[in-house]
Each structure stands twice: as structure tokens, then as C-alpha cells.
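Visitor: Residues in the sequence shown are numbered consecutively from 14, following the working numbering.
No residue lacks a Cβ here, since even glycine has one placed at the ideal position from N, Cα and C.
The structure that follows is given in the form of C-alpha cells.
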Amino acid sequence: MAQSTSATLERMLEADCTPDGRRLRSERSRRCIVDALINLIRKSEILPSAERVSEEANVGLRTVFRHFEDMDSLYQEVADKIDAEIQPLVQAPFTSSDWREQILEMIERRAKAFEFIMPFKVQANARLLQSDFLQEKHRCAVESDIARLEAVVPEEVRADDALFQALAAAISFDIWRRLRVDQHRTPEQAKEAVRRLVGALLAQT
């Protein structure tokens, strides 16, 4: 039994020293670092440092910076991972052909997406002025949200700029965060508030 265990360990050590073994070990370390930052953000730790990430990942600080040039590049990989998880929800085809019903579907989808990304958005907003990448990410997110709304509403709504911008604001993350965090509403209460707000705006069309 001892011989078998020794032989198994020897094979593992030999495998770890091969190019493929080193590559797999490097990939594991990288994943651990990314997951560590995600865990810290989910724990609501504000602006975790590289040192905290290395502690959470159980790797050395030098390992963190061997994989990531700086915290911005680490946040970029986290953002890419979060985007990949929510895109199937955001991009799914609407079940209704009526644009008003599609906006209600959009509210439902965004509620789920906003709940998932809220810890990361709060963290990103806290770092916004320190990070060119996060500023660009925020700008692209706003533009994408507006483009999705433009693709749903009819021309007469798009032509009424005040109405269109009011609709865009009503279904934005900023409103969702205010309802959920600042006003301590539940997800269902927040959705109902957004639906009422959107309904009042659409009553003008």
C-alpha cells in the first residue's frame, strides 16, 4: 500500500514538472486568484488589495502579479467572467411581440441580472475614478442598455427624447440600487416600483 501511494505521488510530481503540468498549475493559480477577488467582492469587502487577494487565494503576492500586471487587469478578467454569466439572460429572445410587453420582460430580466451583479457594480463604482478600464466598462454598459431599449420601443418613443431618457433611467441599475440598497426594498418591491414608474411613463404614449 505504501509503495502504491509513493508511486502515485511520484507520478504526480513528475507530471507537475512537465510543460503541461506547469501550464495546468499556472491556470489553476490564475483561476484561484480570479475566484478570490470574486469571493471578496461577494463578502462586500470594499476595494480589496492585492495582498487581500493573495491571502484569499492562498498564493504569494508575487504570484498575483505574475498573472496580472495590476489590479485593473484582474478586475477586467473578473468583469469578463461576470459578463459571460449574465449575457445568456440579457440576450435571450423576447417571448412577446408587443413592445410594451417586451419592456416588462426587460424589467424582469434586468432585475435578475442586477441582483447578480450588484456587489460587483458597487465595487466598480467605488473604483471608478481610479480606473480607466472601469470608466470605459461603465460607458459601454450604459450605451448597451440604451441600445437595447432603442431596439424595443417604436419610433414615436425614440423621437420623444425626454420620454425615452426617462424610460432608460427608470430601468437602469442606478434606480435598482437605490430601491434595493438605499430604500431597503425587496427584489419584488423594487420590481413593482419600476413597473409602476414605467407604466406611468408609457401612459403618455
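(1) Applying the 10 Å Cβ sphere with the 16-neighbour rule, what's the burial state of R43?
(2) Going by DSSP in three states, D83 sits in which element: helix, strand or coil?
(3) Our contact map puts I159 next to A124 with C-beta atoms below 8 Å; I'd like the distance itself, whole angstroms only.
(4) Between A49, M119 and S57, which has its C-alpha nearest G73's C-alpha?
(5) Using DSSP with H/G/I as helix, E/B as strand and the rest coil, what is Q217?
(6) According to DSSP, simplified to helix, strand and coil, what is H151?
(7) State yes or no: is the beta carbon of G212 nearer than 8 Å to at least one beta carbon in chain B?
(8) Assuming the contact rule is C-beta atoms closer than 8 Å, R137 and L147 should be a hit. Round their C-beta distance to whole Å, please.
(9) Jot down the residue ranges of each uninterrupted beta strand (DSSP E) in the segment 150-210, minimum 3 residues, whole runs only, in chain order.
(10) Identify the continuous alpha helix (DSSP H) that holds Q143 and give its terminal residues.
(11) What residue from H80, S185 and Q202 has the CA that sits closest to S67's CA?
(12) Count the other CB atoms, across all protein chains shown, that sit within 10 Å of the CB of I59; report buried if there are 16 or more and exposed otherwise.
(13) Does DSSP classify L74 as helix, strand or coil?
(14) Going by CA-CA distance only, name the one from S157, I95 and E118 that's closest to V47.
Guide: Working from what's here:
(1) buried
(2) coil
(3) Not confirmed; about 18 Å, so no contact.
(4) A49
(5) coil
(6) helix
(7) The structure shown contains no chain B, having only a single protein chain.
(8) According to the sequence shown, residue 137 is Ala rather than Arg. Confirmed, about 5 Å.
(9) none
(10) Element bounds for Q143: n/a, residue is neither H nor E.
(11) H80
(12) exposed
(13) helix
(14) I95
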